[in-house]
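S.K.: Structure in structure tokens, see below.
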DNA sequence: AGCACGATGCTCT
DNA sequence: GAGCATCGTGCTT
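This is the structure in structure tokens:
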């Protein structure tokens, strides 16, 4: 029996949270079926000064979840097709979040494969499609053990298995934000556990 | 294997 | 009305 990561886990510097979320278990109960994957890629978006962070526009309908208490989901829609899943970090009132960019499916793999038409789950829009995550899970409390969307402690990822680099997909962002090494990626396949 | 582009709709100016 | 924290296809090497 594993435990969800507590709110204090998220109430820390976003870079620390992004690094430590690697290997954690992302769980979504979808149509009564438990889907679970190990988080294998994250990115940090930190405050209104970070020009890559949506909060650069201030507190709006869209960015509101990031200003709320840590440990909740911030979900938004982009490019006309894709839902993005973030975990809100740092103290309430400071807008920051970790974008979950990829998972390694562990449980409920058949349903995930079906939804993805057999394709992979490496990519922020792909994992939400596989897990069936949409705007209806926006603001979900990730720390609640009965929540249909939650994150539990997973397996430890050693430093030598982590690649750190600049965030991707930022088209018009200017320096220094464009090159900030705020992306965390597990190099090899994470060992399968239960 | 890598690049270019179109799809598609919500959010903010 | 433009821009976007993307994805998949199709075409080029």
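Numbering (the numbering used here), first residue to last: 112 to 305. Built from N, CA and C at the ideal position, the CB exists for glycine as well. If you're wondering where the values come from, they're calculated on a predicted model, not measured in any experiment.
(1) From 169, 148, 132 and 195, pick the residue whose C-alpha is nearest to that of residue 296; which is it?
(2) Assuming residue 170 is part of the alpha helix (DSSP H), what are its boundary residues?
(3) For the alpha helix (DSSP H) containing residue 121, list its first residue and its last residue.
(4) Beta-carbon within less than 8 Å of residue 192's beta-carbon, same chain only, minus the 5 sequence neighbours each way: which residues are those?
(5) By the 10 Å Cβ neighbour count, where 16 or more other Cβ atoms means buried, how is residue 216 classified, buried or exposed?
(6) Considering only the beta carbon of each residue, do residue 244 and residue 196 sit closer than 8 Å?
(7) Quick check on residue 272: does DSSP put it in helix, strand or coil?
(8) Residue 194 by DSSP, collapsed to three states: which one?
(9) Quick check on DSSP: helix, strand or coil for residue 254?
M.R.: Let's see:
(1) 132
(2) That residue, residue 170, is in no alpha helix (DSSP H); it is neither H nor E in DSSP.
(3) Element bounds for residue 121: 118 to 121.
(4) Cβ neighbours of residue 192 within its own chain (closer than 8 Å, five residues either side excluded): 236.
(5) A buried status is given to residue 216, since no fewer than 16 other beta-carbon atoms sit within 10 Å of its beta-carbon.
(6) yes
(7) helix
(8) strand
(9) DSSP places residue 254 in the coil class of the three-state scheme, outside both helix and strand.
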